[in-house]
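Here's the structure, in structure tokens; my notes come after.
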Amino acid sequence: MSLKILIVDDALFMRNLLRGVLEGAGHQVVGEAGDGAAAVARYRSLRPDLVMMDIVMPDKTGIEALREIMAEDPGARVVMCSALGQDALVMEAVQGGARDFIVKPFKDEQVLEVVARVAGEG
82 MSLKILIVDD ALFMRNLLRG VLEGAGHQVV GEAGDGAAAV ARYRSLRPDL
132 VMMDIVMPDK TGIEALREIM AEDPGARVVM CSALGQDALV MEAVQGGARD
182 FIVKPFKDEQ VLEVVARVAG EG
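First residue of the sequence shown? That's 82 in the working numbering, and the numbers climb one at a time after it.
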């Protein structure tokens, strides 16, 4: 199943890395954002099937953006990406509506497993 995916991360190299993994598996990356405010705006305009979002970003964090997206679209499918040692933030994200999370650094297979699992939730 090919998904339309929005990638949100303040690091360009991470967005490029995720794009390569996702497009290599046949998914369509419909947009990117470098901070939480842009993520919310891009979500509104693109209505992707799935959002891959970093937690720690400037201006508006991934958790703040997640809450805004979920308030507008409770059915949104958001997967949070976090660095090792951010367990409290991951729990906060899951409580805020994130469907799953990926810990950086990650393996390509881990990303694709999480995407498949979340996509299967309908």
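By construction, the Cβ of each residue, glycine as well, lies at the ideal position given by its N, Cα and C atoms. As the structure is a prediction and not an experimental result, all values here were calculated from the model.
Take Gly117 and list the residues in its own chain whose beta-carbon comes closer than 7 Å to its own, dropping the five residues that flank it on each side. Met138, Asp140, Lys141, Thr142, Gly143, Glu145, Ala146
What is the DSSP secondary structure of Phe94, counted as helix, strand or coil? helix
Taking only beta-carbon positions, decide if Asp168 is within less than 8 Å of chain D. This model lacks chain D altogether, as it is built from one protein chain only.
Judging by CA-CA distance, which residue of Arg198, Gly177, Met134 is the nearest neighbour of Arg96? Met134
What's the gap between the Cα of Ala114 and the Cα of Ile88? 6 Å
May I ask you to list the residues that DSSP assigns as paired with Gly112? Leu87
Are the CB atoms of Ala174 and Phe182 nearer to each other than 8 Å? yes
Terminal residues of the beta strand (DSSP E) in which Asp140 lies: Element bounds for Asp140: n/a, residue is neither H nor E.
Taking a contact to mean a Cβ-Cβ separation below 8 Å, would you say Met151 touches Gly178 in this structure? yes
Entirely within the region 149 to 184 and at least 4 residues each: give me those alpha helix (DSSP H) ranges in chain order. 168 to 176
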